[in-house]
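Okay, so here's the structure we're looking at.
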Amino acid sequence: MDQIRIVQLIYLGIYLLLCATFYWTYIQEARTRFGHPFMVRITAVMAKEESVQEILGQYKKRIRLFFFVCVFLGAIIFFLPPQWGFVWMILSGFVQIMLPSRIERTSRKRLMLLKQEKQWFIRTESRHKIDLKLDRKRSNQSMTSRWWFLIPIAIQCIAFVYCLVQGEGGKTFAAVCVLGLLIIAAGIGFIRWLPNKTYCEESTVNQRMNGKKKAAASRAWLWICSGDAVWNLGIAGFLYSERLQCLFLAGAALIVAVTAAILALAEYGREKQYELASEVVYEYDEEAYWDVGWFGLRYSNPYDPEVFKENNSGGLNLAVNQAARQGKWMTAGIILFCAGIALFVVWQFAYPKYLDKKGLLADLVIEDGVIQVTGPLYDAKIPKEQVVEAELTDDLGEGIRTNGSSTASYGKGKFRYDKYGNVRVYLAWKHRPYLVLKTETDIYIVNDDDPAQTIRIYEEIKGGNGS
Amino acid sequence: MIMELDYQSEVPVYLQIRNEIVKGIGRGQIDFGEQLPTVRSLAADIGVNTMTVSKAYKLLDQQGYIVTDRRRGAVVCAKNQMPDFASNEGHRKELILLASEAALGGCSREEFLDMCREAYVET
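Written out as structure tokens, the structure is:
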């Protein structure tokens, strides 16, 4: 199997995983088990009404049809080059989260209207209850011991050292490992600072439930961190030793970690139901604070101290309370992250394409005995006298990027080719021929986005070298 | 002890916290000498600014219901250290106002005293 096919298969795997995740996220919004489909509070008797069942049934049918079509559209990845396959995967991810939200919005509106028409009234607490006996320190004692977190920390450190010993090329990925370490610490700190919640009148039950919440969250976090660490190690192994097994190990570790994290949270959901079964649980009228935005259900309640709010999944899926202080920071972080990704995609794909179209991508010149390849995306200088051999070629053969960046328009950084070994590349891919320059220490592959200029420079070098 | 807060109320949140804590001590739900949650912890649990809780604790401290200590945090005072009720002119005025409102509202002296007896819990 060639490398392109492997990359396409990985993209398809991620695509299907996205489909499954979003399908599960949206379909469980119509469940009546927890008493609030689309976060509209209704009782079990109300849920059995034909009109409610009709709204929920229609919603489920539409969601199933949408994701059924999505799964088949995944095959498009095999007809696209890997970079466009990636773009397709990202764009379809957005479509998969945004379009079903419109279906949910309509269904939620219909259900709220029905509730209003039928004048269904459910008694809720008007005053917020806070248990003064709750102790955050005691809740934190239930968290998974910090010693367990040494496992992902150790794996991240191994991946970090492994990347560093690879030399220049490994530095970028080593930075990813450092980021992984920071994320582990941030997560632990965040769980420790999660506020206590008052579930019912019994202080002992409240304290126990808060302990269990933190225990489940920290256990899930430990799994996620461990999965991420093994993933980083596996990817580093694949990048620098080219062993495909590493890639599969990384993928398997991630799947195991995510599954274990989900199971930990699901267990908490079950325990919560069991613990609170015999208690009178405080219920607040929070319907008005829920809304369906372009990215699904969103929650914004300034009177609720909870940062993560359970939606209709029974604790497995959480919404960020956008009105809480920490929630505001998280929302801002998510927006910045998405904006960063969008800018990165534009920088990586759209901007080089624009430069290419305008003929501004790369200029190859010889000035004062120095071969210069310049452009908005890269800048390299090679002293002409150091060039011992020059070759003009249309075909570089098989190769991979080991460090740097590469899109359909341009390539920059370190590459490894079967024909040349390790090389430094500054190329406008679409404008053959390519000029291969060998010095005593390095091999450079460069060109101008004007093929005539590349040939002119080649001839000048050949003439100057007299070879 | 379950504290009840109404965020939509005209009564400021810090005053509601103060009132609920005094009510809790008076009804025996909070013990004398018991340590109250830290300002940061309670503020996070309620979902308000730390200044709000700090203001409530400061008021309780000024009125003599709690003592705040750098090492132990906020601690409920001992029973014999609680502020004297009868000598507080403010309380007398509030009681006169309440009694007048009760009388105007059609409540007899006996009914009013019954309500007072019911509300009063021996500590």
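Line order of the protein sequences matches chains A and B. Sequential numbering from 1 applies to the first sequence in full-length UniProt numbering. Sequential numbering from 1 applies to the second sequence in full-length UniProt numbering. C-beta atoms are modelled at their ideal positions from N, C-alpha and C, and glycine is treated no differently.
In this structure, the CA atom of F295/A is about 6 angstroms from the CA atom of S101/A. In this structure, K197/A sits near E306/A, with a CB-CB distance shorter than 8 angstroms.
The segment 53-73 of chain A makes no contact with the segment 120-139 of chain A: fewer than 3 CB pairs, one atom from each, lie closer than 8 angstroms. Within the same chain, A216 come within 8 angstroms of E267/A by CB-CB distance, once the 5 residues on both sides are set aside. Taking each of C177/A, W429/A, K462/A in turn and checking the Cα distance to D448/A, the smallest one comes out for W429/A. A distance below 8 angstroms between beta-carbons, with the five flanking residues on each side excluded, links G13/A to the following residues of its chain, in chain order: G251. Taking C-beta atoms as the reference points, N321/A and E29/A fail to come closer than 8 angstroms.
With respect to chain A, the C-beta atom of M82/B has no partner C-beta closer than 8 angstroms.
Rounded to whole angstroms, the gap between the alpha carbons of V67/B and G293/A is 48 angstroms. The beta carbon of E398/A sits closer than 6 angstroms to those of D418, all from its chain and outside the five residues before and after it, given in chain order.
Counting along the chain, the unbroken alpha helix (DSSP H) around H91/B starts and ends at 89-104. Under a criterion of Cβ atoms nearer than 9 angstroms, the residues of chain A adjacent to M3/B are, in order, H128, K129, I130, D131, L132, T198.
For P12/B, no chain A residue has a C-beta closer than 9 angstroms to its own C-beta; the minimum C-beta separation is roughly 14 angstroms.
Going by beta carbons, T402/A and Q348/A fall outside the 8 angstroms limit. Taking C-beta atoms as the reference points, G237/A and C225/A fail to come closer than 8 angstroms.
At least 8 angstroms separates the CB of A186/A from every CB of chain B. Close to I30/B, with beta-carbon spacing below 8 angstroms, are these residues of chain A in chain order: L132.
Counting C-beta pairs closer than 8 angstroms gives three or more between the segment 90-109 of chain A and the segment 63-77 of chain A, which meets the contact rule. Contact with chain A is absent for G105/B, since none of that chain's Cβ atoms lies less than 8 angstroms from the residue's Cβ.
The segment 270-281 of chain A makes no contact with the segment 68-87 of chain A: fewer than 3 CB pairs, one atom from each, lie closer than 8 angstroms.
Rounded to whole angstroms, Q16/B and I188/A show a C-alpha spacing of 33 angstroms.
Secondary structure at M143/A: coil, using DSSP grouped into helix, strand and coil. For D356/A, the closest C-alpha among the options G375/A, I443/A, V345/A, F344/A is that of G375/A.
For the options I46/B, R71/B, Q81/B, the alpha carbon positioned closest to that of Q62/B is the one of Q81/B.
Cβ neighbours of D45/B within its own chain (closer than 8 angstroms, five residues either side excluded): P37. When DSSP states are grouped into helix, strand and coil, P433/A belongs to the coil group. Under the three-state reduction of DSSP output, G47/B falls in the coil class, being neither helix nor strand. In the same chain as P383/A, and ignoring 5 residues on each side of it, the C-beta atoms closer than 7 angstroms to its own belong to G369, V370, in chain order. The C-beta of R298/A has 16 or more other C-beta atoms within 10 Å across all chains shown, which makes the residue buried. Taking a C-beta distance under 8 angstroms as the contact criterion, I2/B and E201/A qualify as a contact pair. About 29 angstroms separates the beta carbons of L111/A and S92/A, which is beyond the 8 angstroms limit, so they are not a contact pair. Residue-level contact by beta carbon holds for S41/B and chain A, with a gap shorter than 8 angstroms. Distances from the alpha-carbon of N232/A to those of K115/A, V176/A, D395/A, D2/A put V176/A closest. In this structure, L5/B sits near H128/A, with a CB-CB distance shorter than 8 angstroms.
Rounded to whole angstroms, the gap between the alpha carbons of D31/B and F85/B is 19 angstroms. With respect to K412/A, Y426/A sits close: the two C-beta atoms are nearer than 8 angstroms.
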